[in-house]
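Visitor: In my numbering, the protein residues as written are 806 to 1137.
All C-beta atoms in this analysis are idealised placements derived from N, C-alpha and C, irrespective of residue type, glycine included.
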C-alpha cells in the first residue's frame, strides 16, 4: 500500500488527469496561445522564486561544481547519441527508418530547463547546480545540436534561429532569476517561511507544460502519421532509451562519489530532452522534410520523461525527508 501511495500520489494523479484532459479536450487556437502565455508566466515565477530563495553563495557553489556539470553535459550530448547509434539494430525493426531518424534527432537535443529544475526542487536535490547545468545545456545545444544532427543524420541546416533561442532563454529564465536575486533582500525571508506551499509553483509549472505540450500533439494529429505497430514500438523505444539513461546517470553519480543531492541533480538534468527547443530547431534543420515524423519521438519521449520523473521525484523527496532531515533544512 505504501508503494502504491508513492506511485499514485496526488501530484501523479494530477499529471494523469492533465494528460487525459489534453487528449479529450486539447487547447487550440486562442486557447493554445493563452496556455502558452500562462506556462511562460509560471516558469518565470518559478525562476523568480528560485532567485529570491537561493543565496549568492549557493549560486556560486552551483556554478563552480564543474564535475557535476561535465557529467550532465556528457550524458546529454555524448551518452544519448551513442545509445541512439548502438541501439539501431533494435530500434529500426520496432519503429522503421523514418521514426528512427527522429529518435536520433531526439538524442542530439539539449536538456529541458524548467522541468529538470522543477523535478530537482521537488526531489530536494542541488537546485543551484541544476539551474546552472540545465540553462548551460540549453545554450550549448543551440550550437552543439546542429553539429550532432549533421554527424548522426548527415543533415545540414541553417542555425540562424540561435539568436532567437538565446533571447528566449534570457527572457524566460535569466531575467526572472536575476530579478529574484535583486528582490531577495526584501522578500527572501518571506519566501523561506512559505517554502512548503510555494512548491505549488513547481508542480503547477509542470502540469501546464504537460497540458500544453500534449495538446499540441493531439491537435496536430501526429499520432496518426505512423502505423499502430510503429507507434507501439515507439513507446517501447522511448521507454528503453529513458530507462537506460536513468540507470546510467544514477550509477555514474554513485561511482563518481557524488552526494545524494548531486545525484538527484545528475539524474534529472542528465536524462531530459527539450521539446521547447527541439520543435523550432526541427523546423530549421528539416525544412521541406517530414518534420512531423522527426519530432514525434521527441513529443512522446517528453511525455514519458515527465511522468516517470514525477514519480521518481516524489520517491526521492520522501526518502530525503525521511532519512536525511538535515539535507532538507539545508535546501530550504
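(1) Flag this pair as touching only if the segment 938-955 and the segment 913-923 have three or more C-beta atom pairs under 8 Å; answer yes or no.
(2) Quick one: Cα of residue 987 to Cα of residue 920, how far?
(3) Less than 8 Å between the beta carbons of residue 936 and residue 922, yes or no?
(4) Quick check: the Cα distance between residue 1083 and residue 1006, rounded to an integer number of angstroms?
(5) Is it buried or exposed, residue 1076, if we count other Cβ atoms within 10 angstroms and call 16 or more buried?
(6) For residue 1003, which residues of its own chain have a beta-carbon under 8 Å away from its beta-carbon, when the five flanking residues on both sides are left out?
(7) Within 8 Å, do at least three Cβ pairs link the segment 895-905 to the segment 1061-1078?
(8) Would you call the CB atoms of residue 951 and residue 1090 closer than 8 Å?
(9) Does the count of Cβ pairs from the segment 1034-1044 and the segment 868-876 closer than 8 Å reach three?
(10) Taking 8 Å as the cut-off, decide whether the C-beta atoms of residue 877 and residue 1118 are in contact.
(11) Residues in its own chain within less than 6 Å of residue 910 by CB, not counting five upstream and five downstream?
(12) Which residues in the same chain have their Cβ closer than 8 Å to the Cβ of residue 840, if we skip the five residues on either side of it in sequence?
(13) Mark residue 1001 as exposed unless 16 or more other C-beta atoms lie within 10 angstroms of its C-beta, in which case mark it buried.
(14) Alpha carbon to alpha carbon, how far is residue 888 from residue 956? Give it in angstroms, no decimals.
(15) Taking only the alpha-carbon atoms, compute the straight-line gap between residue 822 and residue 1052 and give it to the nearest angstrom.
(16) By alpha-carbon positions, which one of 1112, 981 and 991 ends up nearest to residue 1008?
(17) By the 10 Å Cβ neighbour count, where 16 or more other Cβ atoms means buried, how is residue 1032 classified, buried or exposed?
(18) Which of helix, strand or coil does DSSP assign to residue 833?
(19) Give me the Cβ distance between residue 1121 and residue 928, rounded to the nearest whole Å; I'm assuming they're in contact under 8 Å.
Guide: With the structure as the only source:
(1) yes
(2) 24 Å
(3) yes
(4) 25 Å
(5) buried
(6) 854 and 996
(7) no
(8) yes
(9) no
(10) no
(11) 1099
(12) 832, 1013, 1016, 1017 and 1020
(13) exposed
(14) 14 Å
(15) 28 Å
(16) 1112
(17) exposed
(18) coil
(19) 4 Å
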